[in-house]
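Structure first, commentary second.
Residue numbers (this note's numbering): 175 to 310.
What follows is the structure in structure tokens.
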């Protein structure tokens, strides 16, 4: 196994979700405005979630070959060819996790909850697309 390969990418992606839950748990929540009061934790959680999704997506599409990193467009092209449902999850995940949470730090609890939901949807869907282990 190469240094950059993960033996169980879906388990690793789920570990990222758990880390993001821990991170968002550090944010102060204002029930009156239904939002978090410190976008640092929202941004961090969004970035952690998106990275977990990328691990799951990479386990399906294997786009990281050679130097550099694949753009979101490469993942979109690969998903469009293989699975429209994953493409929809991925587009929504990119918007919510990477842009709204990770980049903009949107503090709305509804947005953050939607982010966790779509991250789990992406990871779960990727898990169904991987070959099943052969039992001896």
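Each residue gets a CB set at the ideal place from its N, CA and C atoms; glycine is no exception.
All of these numbers come straight from a predicted model, not from anything done at the bench.
Suppose the cutoff is 8 angstroms on Cβ atoms and the five residues either side in sequence are ignored; what does the same chain contact list for residue i look like?
i           : result
residue 209 : 203, 281, 282, 283
residue 197 : 215, 218, 219, 222
residue 175 : With a pLDDT of 42 at residue 175, under the threshold of 50, the modelled position of that residue is not reliable, and the figure given next carries that caveat. Excluding positions up to five away in sequence, the list reads 181.
residue 250 : 261, 264, 265
residue 292 : 263, 266, 267, 270, 271
residue 287 : none
I'd like to confirm the pairing. Which residues does DSSP put opposite residue i in its beta bridges?
i           : result
residue 282 : 209
residue 203 : 210
Is it buried or exposed for residue i, if we count other Cβ within 10 angstroms and need 16 for buried?
i           : result
residue 245 : exposed
residue 256 : exposed
residue 277 : exposed
residue 183 : buried
residue 232 : buried
residue 258 : exposed
residue 187 : buried
residue 185 : exposed
Excluding the 5 residues flanking residue i on each side, which residues of the same chain have their C-beta closer than 6 angstroms to its C-beta?
i           : result
residue 303 : 234
residue 275 : 216, 220, 289
residue 167 : Beyond the ends of the chain as shown, which are 175 and 310, falls residue 167; an answer cannot be given.
Got a sec? Which residues, its chain only, sit under 7 angstroms from residue i by beta carbon, not counting five neighbours each side?
i           : result
residue 212 : 201, 202
residue 279 : 213, 216, 217
residue 254 : 261
residue 252 : 235, 237
residue 225 : 190
Is any non-hydrogen atom of the ligand SAH found closer than 8 angstroms to the C-beta of residue i, if you look at the structure I gave you?
i           : result
residue 225 : Absence of the ligand SAH is noted for the structure shown, with no ligands found whatsoever.
Hey, is the region 185-197 in contact with the region 257-267, meaning 3+ C-beta pairs nearer than 8 angstroms? no
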